[in-house]
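Remarks on the structure that follows.
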Amino acid sequence: MALETSLEKPAPVRAIANAISGWIDRLGPVWVEGQVTQVSRRPGLATVFLTLRDSVADISVPVTCSRVLFDGLAAPLQEGASVVINARPSYYANRGTLSLQAREIRMVGLGELLARLEQRRQLLAAEGLFAQERKRALPTLPRRVGLVTAPKSAAERDVVENATRRWPAVAFEVAYAAMQGHRSAAEVIEAVRRLDAHPEVDVIVVARGGGSVEDLLPFSDEGLVRAVSAVRTPVVSAIGHEPDSPLLDLVADVRASTPTDAAKRVVPDMAQERGRVAEARTRVRQAVLARLDREQAHLDAIRSRPVLAEPTTLLDARADELDDWRARIRRQLEWGLDRAADDVHHHRARVQALSPLATLQRGYSVLQDAEGHVVTSVSGVVPGAALTVRVADGRIHTEARATEESHD
């Protein structure tokens, strides 16, 4: 039932605290799953204090249990263990704190743990976080390799030494994080995000040595899986050994079986690359020489042709052909000239036959007056007029003494 309060009638702190306590008491016993992050056993106290943390969200709640319940567990309860607790929520009004009073604690067994991991894998796979099309190719030669691992760990040594041996110029940006325990997932998430924001880091390697299923649980953390899927930099998962397969392997762009394998994947082998360059150079040289040989053979074949071996052969053939055409043209021209000469001679004979000179040669003459006009009538001549008589071989100059008209 809601409290009735107002500005004029506020409720005292004790009333609010008691109301909260009453509401929580009505909740009754609940089953809670989480990860134990702190265990405190104070000497002389019959109560053991725990802290239970949510596996995904950054939320925790204090838990109290009797020493008898704690000591009666089949296996010692340690930090990082996943448990299911039957507890009753309790609110301490004097301190204003909420806690769970454990009545039963059950360790999450390996079989149950694997079943839960499989269920989580299926849920994340259904969201497409493990899809192959999301995978990004690793850079051929990264400027700087980001490495997430534990300080002074064998995994760090394996990655750095093997990568440096393969490519001496490789540079590393190491972000240390706890690789085991309840803080591991959060620290790895923070390290991955920090390296992803680094402008020179082209690939991120998350490396850890082998361990039990419980040791590798942080690398199946849902929050870590989502964080890795959201980064822009390609991620290589090198967790455990070949048989181990945390969910980080599925969401990473590349899975390496071991930290040493991760070193081989992120940088090329200089000796192999030199061998490939030498092999490529040899192939290029052979291809160029083969091309030159083919072109030389083609050139030799062209040179061996008769027309190039004896260039004058073609000219001689054309010269003979030219002489033949010249003779044909000359004959045609001579024939044309002969016909033209005959035509000229014929026309000249006709012209000569029609020429007045020919008439004069037959005894005729032409009479002209002093102005050179032909006299055709006696009426145009007066006595004493000067006349010219044109004969075949010259002119005769005379003078008219008299004129007489013909009556024929």
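Every number in our numbering is 19 more than the matching position in the sequence shown, counting from 1.
Even glycine gets a Cβ: it sits at the ideal position worked out from N, Cα and C.
The structure presented is a predicted model; accordingly, all values stated were derived computationally and were not measured.
Discussion item. Per the DSSP calculation, Arg60 is bridged to which residue(s)?
Written reply: As a position in the sequence shown, residue 60 is number 41, starting the count at 1. According to DSSP, which records beta bridges pairwise, Arg60 is partnered with Val67.
Item to complete: Mind listing, in chain order, the continuous beta strand (DSSP E) runs of no fewer than 3 residues lying wholly within the segment 208 to 281?
Response: 220 to 227 and 254 to 258
Worksheet item: Which full runs of the beta strand (DSSP E) of 3+ residues lie inside the segment 75 to 122, going along the chain?
Response: 79 to 85 and 101 to 111
Worksheet item: Looking at the unbroken beta strand (DSSP E) that takes in His201, where does it start and where does it end?
Response: To locate residue 201, count along the sequence shown from 1; it is residue 182. Unbroken run through His201: none, as it is neither H nor E.
Item to complete: Figure out for me which residue from Arg409, Glu233, Pro62 and Pro253 has the closest Cα to the Cα of Gln97.
Response: Counted from its first residue, the sequence shown places residue 97 at position 78. Out of Arg409, Glu233, Pro62 and Pro253, Glu233 has the C-alpha closest to the C-alpha of Gln97.
Worksheet item: Using the beta-carbon count (16 or more within 10 Å), is Glu175 buried or exposed?
Response: Working through the sequence shown from its first residue, we reach residue 175 at position 156. The residue in question, Glu175, is buried, as its Cβ has 16 or more Cβ neighbours within 10 Å.
Discussion item. Closer than 8 angstroms is the cut-off here; do at least three beta carbon pairs connect the segment 32 to 44 with the segment 106 to 116?
Written reply: yes
Fill in: Neighbourhood of Gly130 by C-beta, 7 angstroms cutoff - its chain only, sequence neighbours within 5 removed
Locating residue 130 in the sequence shown gives position 111, counting from the first residue. For Gly130, the predicted model reports a pLDDT of 48, less than 50, meaning its position is unreliable; a value from the coordinates is still stated below. There are no such residues.
Item to complete: Taking 8 angstroms as the cut-off, decide whether the C-beta atoms of Leu267 and Ser256 are in contact.
Response: On the sequence shown, position 248 is the one that residue 267 refers to. On the sequence shown, position 237 is the one that residue 256 refers to. Yes, Cβ-Cβ distance for Leu267 and Ser256 is below 8 angstroms.
Worksheet item: Would you call Arg227 buried or exposed, if buried means 16 or more other Cβ atoms sit within 10 Å of its Cβ?
Response: Here the question's residue 227 lines up with position 208 in the sequence shown. Buried, since its Cβ has 16 or more Cβ neighbours within 10 Å.
Worksheet item: Under 8 angstroms, do Val102 and Met126 count as touching if we go by C-beta distance?
Response: Here residue 102 refers to the residue found at position 83 when the sequence shown is read from its first residue. Here residue 126 refers to the residue found at position 107 when the sequence shown is read from its first residue. Cβ atoms of Val102 and Met126: closer than 8 angstroms.
Worksheet item: Excluding sequence positions up to five away, which residues of its chain have a Cβ less than 6 angstroms from the Cβ of Val225?
Response: If you number the sequence shown from 1, residue 225 lands on position 206. The answer, listed in chain order, is Val167 and Ser256.
Item to complete: Note the first and the last residue of the continuous alpha helix (DSSP H) segment covering Glu353.
Response: Counted from its first residue, the sequence shown places residue 353 at position 334. Where Glu353 is concerned, the enclosing alpha helix (DSSP H) stretches over Pro330 to Leu373.
Discussion item. Just to confirm, is the Cβ distance from Ser384 to Val408 under 8 angstroms?
Written reply: On the sequence shown, residue 384 is found 365 positions in, with the first residue counted as 1. On the sequence shown, residue 408 is found 389 positions in, with the first residue counted as 1. Yes, the Cβ-Cβ distance between Ser384 and Val408 is below 8 angstroms.
Worksheet item: If Glu206 and Ala216 are in contact, beta carbons under 8 angstroms, what's the gap, nearest whole angstrom?
Response: Mapped onto the sequence shown, residue 206 falls at position 187. Mapped onto the sequence shown, residue 216 falls at position 197. Going by Cβ atoms, the distance from Glu206 to Ala216 rounds to 16 angstroms, so no, they are not a contact pair.
Worksheet entry | Residue from Pro218, Gly165, Ala106 and Arg304 with nearest C-alpha to Ala282 | Here residue 282 refers to the residue found at position 263 when the sequence shown is read from its first residue. Of the listed residues, the one whose Cα sits closest to Ala282 is Gly165.
Worksheet item: Applying the criterion that 16 or more other CB atoms from any shown protein chain within 10 Å of the CB defines a buried residue, is Ser398 buried or exposed?
Response: Residue mapping note: residue 398 aligns to position 379 of the sequence shown, counting from 1. It counts as exposed.
Discussion item. So for Ala36, helix, strand or coil by DSSP?
Written reply: The count along the sequence shown starts at 1 and reaches residue 36 at position 17. DSSP places Ala36 in helix when its eight states are reduced to three.
Fill in: Helix, strand or coil at Gly294 according to DSSP, with G and I counted as helix
In the sequence shown, counting from the first residue as 1, residue 294 sits at position 275. Looking at Gly294 - three-state DSSP - the assignment turns out to be helix.
Worksheet item: Can you give the Cα-Cα distance for Asp412 and Leu386, rounded to whole angstroms?
Response: As a working note, residue 412 is residue 393 in the sequence shown. As a working note, residue 386 is residue 367 in the sequence shown. Going from the Cα of Asp412 to the Cα of Leu386 covers about 14 angstroms.
Item to complete: Output yes or no for whether 8 angstroms exceeds the beta carbon distance between Pro278 and Val222.
Response: Counted from its first residue, the sequence shown places residue 278 at position 259. Counted from its first residue, the sequence shown places residue 222 at position 203. Against a cut-off of 8 angstroms, the Cβ pair of Val222 and Pro278 comes out as no contact.
Practice prompt. Work out the CA separation of Trp354 and Arg381 for me, nearest whole Å.
Written response: The residue labelled residue 381 in the question sits at position 362 within the sequence shown. The residue labelled residue 354 in the question sits at position 335 within the sequence shown. Answer to the nearest angstrom: the Cα atoms are 37 angstroms apart.
Practice prompt. Let me know the secondary structure DSSP gives Arg414 once reduced to three states.
Written response: Locating residue 414 in the sequence shown gives position 395, where the first residue counts as 1. It is a strand residue.
Worksheet item: Looking at the structure shown, is Ala30 part of a helix, part of a strand, or coil, going by DSSP?
Response: One-based indexing of the sequence shown puts residue 30 at position 11. Three-state DSSP puts Ala30 in coil, outside helix and strand.
Worksheet item: Are there 16 or more other CB atoms within 10 angstroms of the CB of Ala204, so buried, or fewer, so exposed?
Response: If you number the sequence shown from 1, residue 204 lands on position 185. Ala204 comes out buried.
Worksheet item: When the Cα of Arg185 is compared with those of Thr70, Glu292, Thr24 and Val49, which residue comes out closest?
Response: Mapped onto the sequence shown, residue 185 falls at position 166. Ranking Thr70, Glu292, Thr24 and Val49 by Cα distance to Arg185 puts Glu292 first.
Fill in: Helix, strand or coil at Glu175 [DSSP, three-state]
Stepping through the sequence shown from its first residue, residue 175 is reached at position 156. Of the three classes helix, strand and coil, the one that applies to Glu175 here is helix, per DSSP.
Worksheet item: Which stretch, first to last residue, makes up the beta strand (DSSP E) that contains Gln387?
Response: In the sequence shown, residue 387 corresponds to position 368, counting from 1. Where Gln387 is concerned, the enclosing beta strand (DSSP E) stretches over Val385 to Gln387.
Discussion item. Taking only three categories from DSSP, how would you classify Trp50?
Written reply: For the purposes of this step, residue 50 is taken as the residue at position 31 of the sequence shown. Strand, per DSSP.
Discussion item. Between the alpha carbons of Pro265 and Ile104, how many angstroms are there, rounded?
Written reply: Taking the sequence shown and counting its residues from 1, one reaches residue 265 at position 246. Taking the sequence shown and counting its residues from 1, one reaches residue 104 at position 85. So the two alpha carbons sit approximately 25 angstroms from each other.
Worksheet item: By Cβ distance, which residues of its chain are closer than 6 angstroms to Leu269, with the 5 residues on each side in sequence left out?
Response: Locating residue 269 in the sequence shown gives position 250, counting from the first residue. Counting only Cβ-Cβ distances below 6 angstroms, and skipping sequence neighbours, we find Phe149.
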